[in-house]
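Following: one structure in structure tokens, then a few remarks.
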Amino acid sequence: MRNTTTILKISKDFFVKNIINILFFSLAIYILTLGSNSDSSGPEIVFFDVGQGDAILIQQDDFQILVDGGPDDRILYELAKKMPKNDKTIEVVVLTHPHEDHIRGLMNVLEGYVVERLLLNRVESENKAYRYMLENYEEILMEVVKGDTVQYKDILATVLFPFDEEREVYANLNNESVVLLVEVYDYGVLLMGDGEVELEQRLLENLEIENIHILKAGHHCSKTSSSEMFLRKVNPTTAICSCGRGNRFGHPHYETLQKFEMLNVQYLITYMEGNIVIKFDDL
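Each residue of the sequence shown is one higher than the one before, counting from 24 in my numbering.
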């Protein structure tokens, strides 16, 4: 695994969105050597390179929100590099949905850290780790619905999906993913979990999603996610593809990358970049 960090500088200028050369200069992407621990107390988001899976850390000072944990215990190694030294508490953990590449690493986190709150969308699943989580961590579990928020200083995370307790339930667990809008300063980051086209359509029908700078694209940049209509509406500057090199699913799919290129959306792939870090005080 490459020991690198990608730091983005983001602009929503019209010319940045429409002229490819200016886009790349204005975004100013640098590949830097990754330090052992974060040396900044300002707000940041880390899209971890954990192989074929999702794991996203949102933090400021010693406050953390961890969204998903990847497919194995690699998340423990990555957290140790990015969290403040001697900080063994994670205030909020979010499970988007109970597939192995999202939940397995969280089980290691729950054993290795003090977790104060565990947010999820309670669904029907026979996943063994998920059943264990429901049975053994009930005291910190919190089922979330649209409008629920987590806030700390400059970080505001708002649940966009699930809508409510009586909504339609999908057989495809990907479309049961908790969707989060993270706002830091004037920047918007949309975390889609593994949401596919059907979930994207529901979001467009029920919400006004605007001013998105960074899109953590659904389902590892699969062709079943990131529809052209959704991308045009959300209008991100940068898309993150969280996936492992040579994965058996073929993620990221060529069709999705083509849409990003057609719409002048810069995309970054974790297995190519390593950990992707957005330090908002540097933007």
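Don't be surprised by glycine CBs; every beta carbon is placed ideally from N, CA and C. If you're wondering where the values come from, they're calculated on a predicted model, not measured in any experiment.
What residues in its chain sit with their C-beta under 6 Å from that of residue i, if we drop five residues either side in the sequence?
| i | result |
| --- | --- |
| Leu286 | Leu254 |
| Met130 | Ala152 |
| Leu143 | Leu118 |
| Ser64 | Asp84 |
| Val288 | Pro259, Ala262 |
| Pro121 | Ser148, Asn150, Tyr153 |
| Asp187 | Val168 |
| Thr112 | Val137 |
| Asp77 | Asp91, His125, Ser265 |
| Gly135 | Leu99 |
| Ile79 | Phe70, Val90 |
| Glu166 | Arg145 |
For residue i, I'd like the list of residues in its chain whose CB is within less than 7 Å of its CB, leaving aside the five on either flank, ordered along the chain.
| i | result |
| --- | --- |
| Ile163 | Val138, Glu139, Arg140, Leu141 |
| Gly211 | Leu204, Asn234, Ile235, His236 |
| Ile292 | Cys264, Cys266, Pro275 |
| Lys282 | Ser249, Glu251, Leu254 |
| Tyr160 | Leu133, Leu141 |
| Asp110 | Asp85 |
Which of helix, strand or coil does DSSP assign to residue i?
| i | result |
| --- | --- |
| Asn298 | strand |
| Phe70 | strand |
| Gln75 | coil |
| Tyr208 | coil |
| Arg255 | helix |
| Glu219 | coil |
| Val201 | coil |
| Ser61 | Low confidence applies here, because Ser61 scores a pLDDT of 49, under 50, leaving its location unreliable; read the following figure in that light. Coil. |
| Leu306 | coil |
Determine the contact status of residue i and residue j, defining contact as a CB-CB distance below 8 Å.
| i | j | result |
| --- | --- | --- |
| Gly218 | Ser248 | yes |
| Phe71 | Lys239 | no |
| His243 | Thr261 | no |
| Val146 | Gly92 | no |
| Leu89 | Val116 | yes |
| Leu306 | Tyr290 | no |
| Glu278 | Ser250 | no |
| Leu18 | Lys256 | What is shown of the chain runs 24 to 306, which leaves residue 18 out entirely. |
| Tyr208 | Phe86 | no |
| Gly216 | Val201 | yes |
Can you list, in chain order, the residues of its chain with a C-beta nearer than 8 Å to that of residue i? Leave out the 5 residues immediately preceding and following it.
| i | result |
| --- | --- |
| Asn195 | Glu219, Glu221 |
| Ile232 | Leu183, Leu204, Leu213, Leu226, Lys256, Val257 |
| Tyr294 | Asp72, Gly74, Cys266, Gly267, Arg268 |
| Pro185 | Asn144, Val167, Val168, Lys169, Glu199, Val201 |
| Tyr155 | Met130 |
Note to self: Measuring CB atoms only, is the stretch 116-130 touching the stretch 149-169, in the sense that at least three cross pairs come out at less than 8 Å?
What the structure shows: yes
Checklist line | Runs of beta strand (DSSP E) lying entirely within the stretch 144-192, each at least 3 residues, in chain order | finding: 164-166, 172-175, 178-184
Next item on the list: May I ask you to verify whether the stretch 163-181 touches the stretch 92-105, counting CB pairs closer than 8 Å and requiring at least 3?
Entry: no
Check: Are three or more beta carbon pairs between the stretch 255-270 and the stretch 166-176 nearer than 8 Å?
Finding: no
Checklist line | Segments assigned alpha helix (DSSP H), at least 4 residues, entirely inside the stretch 225-294 | finding: 251-257, 277-285
Check: What are the uninterrupted segments assigned as alpha helix (DSSP H) that are 4 or more residues long and contained completely in the stretch 76-123, given in chain order?
Finding: 97-105
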